[in-house]
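*Asks:* Please see the structure below; I have some questions.
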Amino acid sequence: MHSLKSCFLKMTFACLFMVFTMYAQKPQLKGSDLVCNGESFFEMTQIRNELSNLARADGVLIGNDNFNQVAASGQPISVIKNNFINCKPQPKYLVTDGGGIDLFRGSCQPGDKNCSLIQTVKKEFLLYIDEIKKSNVKAFVWMGYPEAPGNPGLTTNQAIWTEVTKEIIAQITEPKAIYVDLLPVYKGHYNEYFNPGDGLHPNLAGSKAAAKAFWDAMKADNYAFFDTLGPVSVFKPAVSNNKVLSAHILSQVLKNGNLSVSLSVYQPSNIVLNLTTISGRNILKAEQFARSHGQQTLMFPIGSVAPGIYNCQVKAGQLTAQSTLLVP
(Lines of atoms letter the chains of each structure in order from A and count residues from 1; the text may use other names and numbers.)
(Lines give C-alpha, C1' and ligand atoms only; values in the text may rest on other atoms or scores of the structure.)
Protein backbone atom coordinates (compact mmCIF):
# COMPACT_ATOMS: atom_id res chain seq x y z
CA MET A 1 0.00 0.00 0.00
CA HIS A 2 2.79 2.40 0.92
CA SER A 3 4.57 1.78 -2.36
CA LEU A 4 1.35 2.38 -4.34
CA LYS A 5 0.74 5.64 -2.48
CA SER A 6 4.33 6.75 -3.12
CA CYS A 7 4.01 5.92 -6.81
CA PHE A 8 0.73 7.85 -7.03
CA LEU A 9 2.28 10.92 -5.43
CA LYS A 10 5.25 10.81 -7.78
CA MET A 11 2.95 10.59 -10.80
CA THR A 12 0.83 13.45 -9.48
CA PHE A 13 3.84 15.74 -9.01
CA ALA A 14 5.18 14.76 -12.43
CA CYS A 15 1.89 15.72 -14.07
CA LEU A 16 1.72 19.02 -12.17
CA PHE A 17 5.33 19.75 -13.22
CA MET A 18 4.41 19.19 -16.87
CA VAL A 19 1.35 21.46 -16.62
CA PHE A 20 3.31 24.20 -14.84
CA THR A 21 6.09 24.01 -17.41
CA MET A 22 3.70 24.31 -20.34
CA TYR A 23 1.89 27.21 -18.68
CA ALA A 24 5.12 29.06 -18.07
CA GLN A 25 6.47 28.52 -21.55
CA LYS A 26 3.59 29.40 -23.89
CA PRO A 27 2.01 32.87 -23.82
CA GLN A 28 -1.60 33.59 -24.73
CA LEU A 29 -1.99 36.70 -26.88
CA LYS A 30 -4.81 38.80 -28.26
CA GLY A 31 -4.41 40.50 -31.61
CA SER A 32 -3.89 43.86 -29.90
CA ASP A 33 -0.98 42.54 -27.81
CA LEU A 34 1.44 42.75 -30.75
CA VAL A 35 1.72 45.36 -33.47
CA CYS A 36 3.69 45.48 -36.72
CA ASN A 37 5.05 48.91 -37.63
CA GLY A 38 7.15 50.29 -40.45
CA GLU A 39 6.61 51.27 -44.04
CA SER A 40 5.50 49.43 -47.17
CA PHE A 41 7.69 46.41 -46.42
CA PHE A 42 4.92 45.54 -43.96
CA GLU A 43 1.92 47.54 -45.18
CA MET A 44 1.98 46.27 -48.78
CA THR A 45 2.85 42.64 -47.97
CA GLN A 46 1.37 39.69 -46.10
CA ILE A 47 3.97 39.58 -43.30
CA ARG A 48 1.54 40.59 -40.55
CA ASN A 49 -1.05 38.03 -41.68
CA GLU A 50 1.51 35.22 -41.97
CA LEU A 51 2.98 36.05 -38.57
CA SER A 52 -0.53 35.87 -37.12
CA ASN A 53 -1.11 32.51 -38.80
CA LEU A 54 2.08 31.06 -37.29
CA ALA A 55 1.22 32.32 -33.80
CA ARG A 56 -2.33 30.98 -34.11
CA ALA A 57 -1.11 27.58 -35.33
CA ASP A 58 1.13 27.31 -32.25
CA GLY A 59 -1.77 28.13 -29.94
CA VAL A 60 -0.33 31.51 -28.92
CA LEU A 61 -2.68 33.90 -30.75
CA ILE A 62 -6.19 33.31 -29.45
CA GLY A 63 -9.25 33.90 -31.62
CA ASN A 64 -9.56 34.86 -35.26
CA ASP A 65 -8.14 38.39 -35.09
CA ASN A 66 -4.73 39.04 -36.64
CA PHE A 67 -2.05 41.03 -34.89
CA ASN A 68 -2.47 44.79 -35.21
CA GLN A 69 -0.59 46.80 -37.81
CA VAL A 70 0.10 50.54 -38.04
CA ALA A 71 2.69 50.39 -40.85
CA ALA A 72 2.18 53.03 -43.55
CA SER A 73 3.71 53.05 -47.03
CA GLY A 74 6.18 55.73 -48.05
CA GLN A 75 6.81 57.07 -44.56
CA PRO A 76 10.15 58.16 -43.08
CA ILE A 77 11.25 56.86 -39.71
CA SER A 78 9.99 60.02 -37.97
CA VAL A 79 6.44 59.21 -39.05
CA ILE A 80 6.91 55.52 -38.19
CA LYS A 81 7.84 56.68 -34.69
CA ASN A 82 4.69 58.80 -34.47
CA ASN A 83 2.52 55.95 -35.75
CA PHE A 84 3.83 53.89 -32.85
CA ILE A 85 3.17 56.67 -30.34
CA ASN A 86 -0.40 57.07 -31.59
CA CYS A 87 -1.16 53.34 -31.66
CA LYS A 88 -4.15 52.56 -29.44
CA PRO A 89 -4.10 50.40 -27.48
CA GLN A 90 -0.38 50.43 -26.87
CA PRO A 91 1.01 46.95 -27.62
CA LYS A 92 2.95 44.71 -25.28
CA TYR A 93 5.13 43.49 -28.15
CA LEU A 94 6.38 45.16 -31.32
CA VAL A 95 7.81 44.03 -34.68
CA THR A 96 9.20 46.95 -36.61
CA ASP A 97 11.60 48.35 -39.15
CA GLY A 98 12.32 51.90 -40.15
CA GLY A 99 14.64 54.03 -42.25
CA GLY A 100 14.09 52.42 -45.64
CA ILE A 101 12.34 55.45 -47.13
CA ASP A 102 14.92 57.82 -45.65
CA LEU A 103 17.71 55.79 -47.24
CA PHE A 104 16.29 56.53 -50.71
CA ARG A 105 17.30 60.17 -50.28
CA GLY A 106 21.03 59.93 -50.81
CA SER A 107 23.95 57.64 -51.44
CA CYS A 108 26.79 56.41 -49.25
CA GLN A 109 30.00 54.62 -49.98
CA PRO A 110 29.90 50.91 -49.03
CA GLY A 111 30.58 50.44 -45.33
CA ASP A 112 30.61 54.18 -44.53
CA LYS A 113 28.82 54.41 -41.18
CA ASN A 114 29.76 58.08 -40.91
CA CYS A 115 27.89 58.98 -44.09
CA SER A 116 25.76 62.08 -43.38
CA LEU A 117 22.62 60.30 -44.58
CA ILE A 118 23.18 57.41 -42.18
CA GLN A 119 23.89 59.75 -39.28
CA THR A 120 20.73 61.77 -39.96
CA VAL A 121 18.54 58.66 -40.00
CA LYS A 122 20.33 57.35 -36.91
CA LYS A 123 19.19 60.40 -34.92
CA GLU A 124 15.55 59.66 -35.75
CA PHE A 125 16.10 55.98 -35.03
CA LEU A 126 17.36 56.79 -31.53
CA LEU A 127 14.31 58.98 -30.90
CA TYR A 128 12.09 56.05 -31.95
CA ILE A 129 13.96 53.71 -29.60
CA ASP A 130 13.49 56.23 -26.79
CA GLU A 131 9.72 56.19 -27.38
CA ILE A 132 9.69 52.39 -27.29
CA LYS A 133 11.56 52.46 -23.99
CA LYS A 134 9.06 54.96 -22.52
CA SER A 135 6.09 52.85 -23.57
CA ASN A 136 4.59 49.69 -22.10
CA VAL A 137 6.32 47.49 -24.70
CA LYS A 138 7.91 44.50 -22.97
CA ALA A 139 9.92 43.27 -25.95
CA PHE A 140 10.44 44.16 -29.59
CA VAL A 141 11.95 42.82 -32.79
CA TRP A 142 13.91 45.14 -35.08
CA MET A 143 14.15 44.01 -38.69
CA GLY A 144 17.27 44.32 -40.84
CA TYR A 145 16.39 44.87 -44.51
CA PRO A 146 17.27 42.36 -47.22
CA GLU A 147 18.78 43.56 -50.47
CA ALA A 148 16.59 45.67 -52.78
CA PRO A 149 16.81 43.88 -56.16
CA GLY A 150 17.25 46.35 -59.00
CA ASN A 151 18.29 49.19 -56.68
CA PRO A 152 22.03 48.89 -55.90
CA GLY A 153 22.21 52.31 -54.23
CA LEU A 154 19.47 51.48 -51.73
CA THR A 155 20.99 48.03 -51.18
CA THR A 156 24.31 49.66 -50.24
CA ASN A 157 22.65 52.14 -47.88
CA GLN A 158 20.55 49.44 -46.25
CA ALA A 159 23.59 47.23 -45.68
CA ILE A 160 25.27 50.06 -43.76
CA TRP A 161 22.03 50.75 -41.90
CA THR A 162 21.81 47.12 -40.83
CA GLU A 163 25.25 47.27 -39.22
CA VAL A 164 24.50 50.58 -37.47
CA THR A 165 21.14 49.47 -36.06
CA LYS A 166 22.43 46.01 -35.15
CA GLU A 167 25.14 47.54 -32.95
CA ILE A 168 22.59 49.74 -31.13
CA ILE A 169 19.99 47.01 -30.64
CA ALA A 170 22.68 44.71 -29.20
CA GLN A 171 23.27 47.21 -26.37
CA ILE A 172 19.62 47.49 -25.31
CA THR A 173 18.75 45.67 -22.09
CA GLU A 174 15.30 47.13 -21.37
CA PRO A 175 12.95 46.32 -22.92
CA LYS A 176 14.07 43.01 -24.40
CA ALA A 177 15.23 43.60 -27.98
CA ILE A 178 15.95 41.05 -30.71
CA TYR A 179 17.47 41.80 -34.11
CA VAL A 180 16.24 39.73 -37.06
CA ASP A 181 18.43 40.29 -40.12
CA LEU A 182 16.65 39.30 -43.32
CA LEU A 183 19.83 39.36 -45.43
CA PRO A 184 20.74 35.73 -44.60
CA VAL A 185 17.06 34.73 -44.71
CA TYR A 186 16.60 35.99 -48.27
CA LYS A 187 20.06 35.10 -49.58
CA GLY A 188 19.75 32.91 -52.67
CA HIS A 189 15.95 33.34 -52.79
CA TYR A 190 15.43 36.81 -54.29
CA ASN A 191 13.86 35.49 -57.50
CA GLU A 192 11.49 33.46 -55.33
CA TYR A 193 10.70 36.10 -52.71
CA PHE A 194 10.16 39.15 -54.99
CA ASN A 195 8.03 39.52 -58.09
CA PRO A 196 9.75 40.77 -61.27
CA GLY A 197 10.00 44.56 -61.33
CA ASP A 198 9.32 45.01 -57.61
CA GLY A 199 12.44 44.75 -55.50
CA LEU A 200 10.94 46.48 -52.47
CA HIS A 201 7.92 44.43 -51.44
CA PRO A 202 8.25 40.67 -50.86
CA ASN A 203 5.55 38.52 -52.40
CA LEU A 204 3.64 35.85 -50.50
CA ALA A 205 6.63 33.48 -50.37
CA GLY A 206 8.87 36.30 -49.17
CA SER A 207 6.26 37.37 -46.63
CA LYS A 208 6.10 33.84 -45.25
CA ALA A 209 9.89 33.65 -45.01
CA ALA A 210 10.09 36.95 -43.11
CA ALA A 211 7.21 36.00 -40.80
CA LYS A 212 8.84 32.65 -40.04
CA ALA A 213 12.15 34.36 -39.21
CA PHE A 214 10.34 36.69 -36.80
CA TRP A 215 8.31 33.91 -35.20
CA ASP A 216 11.31 31.57 -34.87
CA ALA A 217 13.13 34.33 -32.99
CA MET A 218 10.16 35.03 -30.72
CA LYS A 219 9.38 31.41 -29.87
CA ALA A 220 13.01 30.39 -29.27
CA ASP A 221 13.96 29.02 -25.85
CA ASN A 222 10.35 28.22 -24.95
CA TYR A 223 9.01 31.66 -25.93
CA ALA A 224 11.63 33.56 -23.91
CA PHE A 225 10.80 36.72 -25.92
CA PHE A 226 7.44 36.97 -24.20
CA ASP A 227 6.68 37.89 -20.62
CA THR A 228 4.95 34.67 -19.64
CA LEU A 229 3.25 34.57 -16.26
CA GLY A 230 2.60 31.67 -13.94
CA PRO A 231 4.85 29.07 -12.28
CA VAL A 232 8.32 28.68 -13.71
CA SER A 233 9.73 25.20 -14.12
CA VAL A 234 12.84 24.05 -12.30
CA PHE A 235 16.01 23.98 -14.40
CA LYS A 236 16.76 20.68 -16.03
CA PRO A 237 19.47 20.06 -18.63
CA ALA A 238 18.42 19.29 -22.18
CA VAL A 239 18.62 15.56 -22.82
CA SER A 240 18.33 13.52 -26.01
CA ASN A 241 18.75 9.73 -26.11
CA ASN A 242 19.98 9.84 -22.50
CA LYS A 243 22.81 12.22 -23.41
CA VAL A 244 23.09 15.73 -22.01
CA LEU A 245 23.16 18.19 -24.90
CA SER A 246 25.66 21.03 -24.93
CA ALA A 247 26.86 24.15 -26.69
CA HIS A 248 30.50 24.52 -27.77
CA ILE A 249 32.61 27.49 -28.83
CA LEU A 250 34.71 26.23 -31.73
CA SER A 251 36.72 29.35 -32.52
CA GLN A 252 36.65 33.14 -32.27
CA VAL A 253 38.29 35.82 -34.38
CA LEU A 254 38.46 39.54 -33.55
CA LYS A 255 38.90 41.73 -36.61
CA ASN A 256 37.99 45.34 -37.36
CA GLY A 257 35.98 45.65 -34.17
CA ASN A 258 33.87 42.58 -34.88
CA LEU A 259 34.07 39.31 -32.97
CA SER A 260 33.26 36.27 -35.12
CA VAL A 261 32.29 33.34 -32.93
CA SER A 262 32.02 29.89 -34.47
CA LEU A 263 29.90 27.68 -32.28
CA SER A 264 27.79 24.57 -32.26
CA VAL A 265 24.34 24.55 -30.67
CA TYR A 266 21.82 21.75 -30.37
CA GLN A 267 18.73 23.77 -31.37
CA PRO A 268 17.77 27.24 -32.68
CA SER A 269 18.36 29.58 -29.74
CA ASN A 270 18.88 33.12 -28.58
CA ILE A 271 22.66 33.36 -28.29
CA VAL A 272 23.90 35.70 -25.55
CA LEU A 273 27.56 36.71 -25.58
CA ASN A 274 29.18 37.98 -22.37
CA LEU A 275 32.71 39.33 -22.68
CA THR A 276 34.49 40.09 -19.40
CA THR A 277 38.00 40.78 -18.19
CA ILE A 278 39.80 38.14 -16.16
CA SER A 279 38.92 40.16 -13.05
CA GLY A 280 35.24 39.91 -13.95
CA ARG A 281 34.61 43.45 -15.28
CA ASN A 282 31.90 43.41 -17.94
CA ILE A 283 33.04 44.56 -21.39
CA LEU A 284 30.09 43.60 -23.57
CA LYS A 285 26.77 41.81 -23.51
CA ALA A 286 25.20 41.17 -26.89
CA GLU A 287 22.49 38.92 -28.23
CA GLN A 288 21.75 37.30 -31.58
CA PHE A 289 19.48 34.54 -32.80
CA ALA A 290 20.84 31.29 -34.23
CA ARG A 291 18.18 30.21 -36.71
CA SER A 292 19.42 26.64 -37.02
CA HIS A 293 21.13 23.96 -34.97
CA GLY A 294 24.64 22.65 -35.48
CA GLN A 295 27.81 24.54 -36.38
CA GLN A 296 27.57 28.19 -37.42
CA THR A 297 29.32 31.56 -37.14
CA LEU A 298 27.79 34.67 -35.57
CA MET A 299 29.18 38.20 -35.82
CA PHE A 300 29.14 40.44 -32.74
CA PRO A 301 30.20 44.12 -33.12
CA ILE A 302 32.28 44.97 -30.03
CA GLY A 303 34.27 48.02 -31.14
CA SER A 304 37.81 48.65 -29.95
CA VAL A 305 39.08 46.45 -27.10
CA ALA A 306 42.31 46.99 -25.19
CA PRO A 307 44.97 44.28 -25.49
CA GLY A 308 44.61 41.59 -22.87
CA ILE A 309 43.01 38.28 -21.96
CA TYR A 310 39.24 38.11 -21.80
CA ASN A 311 36.66 35.54 -20.77
CA CYS A 312 34.18 34.81 -23.55
CA GLN A 313 30.94 33.21 -22.36
CA VAL A 314 28.17 32.14 -24.72
CA LYS A 315 24.74 31.13 -23.50
CA ALA A 316 22.48 29.16 -25.83
CA GLY A 317 19.18 28.69 -24.06
CA GLN A 318 19.93 26.80 -20.84
CA LEU A 319 23.43 25.86 -21.95
CA THR A 320 26.67 27.76 -21.37
CA ALA A 321 30.08 27.52 -23.02
CA GLN A 322 33.21 29.46 -22.09
CA SER A 323 36.59 30.12 -23.67
CA THR A 324 39.46 32.57 -23.45
CA LEU A 325 39.92 35.40 -25.95
CA LEU A 326 43.44 36.81 -26.38
CA VAL A 327 43.60 40.33 -27.85
CA PRO A 328 47.22 41.15 -28.85
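Quick note on numbering: numbering that gives the first Met the number 0 labels position 271 of the sequence shown as 270, and the sequence is numbered without any gaps.
Glycine is no exception: its CB is placed at the ideal position from the N, C-alpha and C atoms.
Which of the three DSSP states is assigned to E38 in this structure?
*Replies:* Three-state result, E38: coil.
*Asks:* In chain order, what residues of the same chain have a beta carbon less than 8 angstroms from the beta carbon of E173, not counting five sequence neighbours either side?
*Replies:* Closer than 8 angstroms at Cβ, skipping near neighbours: K132.
*Asks:* Looking only at its own chain, which residues have a Cβ that is under 8 angstroms from the Cβ of D226, when we skip the five neighbours before and after it?
*Replies:* Here the set comprises P26, K91, K137 and A138.
*Asks:* Rounded to the nearest angstrom, how far is the Cβ of V94 from that of V140, given a contact under 8 angstroms?
*Replies:* About 5 angstroms separates the two Cβ atoms, so the contact holds.
*Asks:* Closest to S206 by CA distance: which of P145, G99, Q118 and G149 is it?
*Replies:* S206 has its Cα closest to that of P145, out of P145, G99, Q118 and G149.
*Asks:* Which residues mark the beginning and the end of the alpha helix (DSSP H) in which D215 is found?
*Replies:* Segment L203 to Y222, the alpha helix (DSSP H) holding D215.
*Asks:* Within the region 122-178, note down every full beta strand (DSSP E) run reaching 3 residues or more, in order along the chain.
*Replies:* Counting whole runs of 3 or more residues, the region 122-178 contains the beta strand (DSSP E) stretches 138-143.
*Asks:* From Q295 to A204, what distance separates their C-alpha atoms?
*Replies:* Roughly 25 angstroms between the two C-alpha positions.
*Asks:* With three or more beta-carbon pairs closer than 8 angstroms as the criterion, would you say the region 73-92 touches the region 55-63?
*Replies:* Flag = no, the region 73-92 and the region 55-63 do not touch.
*Asks:* Which word fits E49, buried or exposed, when buried means at least 16 other C-beta atoms lie within 10 angstroms of its C-beta?
*Replies:* So E49 counts as buried.
*Asks:* Since D57 sits in a beta bridge, which residues does DSSP pair it with?
*Replies:* According to DSSP, which records beta bridges pairwise, D57 is partnered with nothing at all.
*Asks:* Output the distance between the C-alpha atoms of K9 and A54, rounded to the nearest integer angstrom.
*Replies:* Low confidence applies to K9: its pLDDT is 44, below 50, so where it sits in the model is not reliable, and the reading given next is rough at best. Roughly 34 angstroms between the two C-alpha positions.
*Asks:* What whole-angstrom Cβ distance do V184 and A147 have, given they're in contact under 8 angstroms?
*Replies:* About 15 angstroms; that fails the 8 angstroms criterion.
*Asks:* Just verifying my parser: in three-state terms, what is the DSSP assignment at G197?
*Replies:* Checking the sequence, you will find Asp at residue 197 rather than Gly. Reduced to three states, the DSSP call for D197 is coil.
*Asks:* Looking at the secondary structure, which residues open and close the alpha helix (DSSP H) in which I76 lies?
*Replies:* Counting along the chain, the alpha helix (DSSP H) containing I76 begins and ends at I76 to I84.
*Asks:* Compute the Euclidean distance between the alpha carbons of G307 and T323, then round it to the nearest angstrom.
*Replies:* About 10 angstroms.
*Asks:* Determine, using beta carbons only, whether N202 and N190 come nearer to each other than 8 angstroms.
*Replies:* The answer is no: Cβ separation not under 8 angstroms.
*Asks:* Select from R47, E38 and I171 the residue whose C-alpha is nearest the C-alpha of S31.
*Replies:* Nearest C-alpha to S31: R47.
*Asks:* Are the Cβ atoms of I100 and C107 separated by less than 8 angstroms?
*Replies:* In this structure, C107 does not lie closer than 8 angstroms to I100 by Cβ.
*Asks:* Output needed for D73: all residues of its chain with C-beta closer than 7 angstroms, excluding positions within five of it in sequence on either side, in chain order.
*Replies:* Note on identity: in this sequence residue 73 is Gly, with Asp being the wrong assignment. Hits under 7 angstroms: E38, S39 and I100.
*Asks:* In angstroms with no decimal places, state the Cα-to-Cα distance between P151 and G62.
*Replies:* Roughly 42 angstroms separates the two Cα atoms.
*Asks:* Between which two residues does the alpha helix (DSSP H) carrying N190 extend?
*Replies:* Y189 to Y192 is the span of the alpha helix (DSSP H), which, as asked, contains N190.
*Asks:* Where does S278 land, buried or exposed, given buried means 16+ other C-beta within 10 angstroms?
*Replies:* Flag for S278 reads exposed.
*Asks:* Going by alpha carbons, who is nearest to N269 out of N255, S259, V313 and I79?
*Replies:* That would be V313, whose Cα lies nearest to the Cα of N269.
*Asks:* Counting only the same chain and skipping the five closest in sequence on each side, list residues whose C-beta sits under 7 angstroms from that of G98.
*Replies:* I76, V120, F124 and W160, listed in sequence order.
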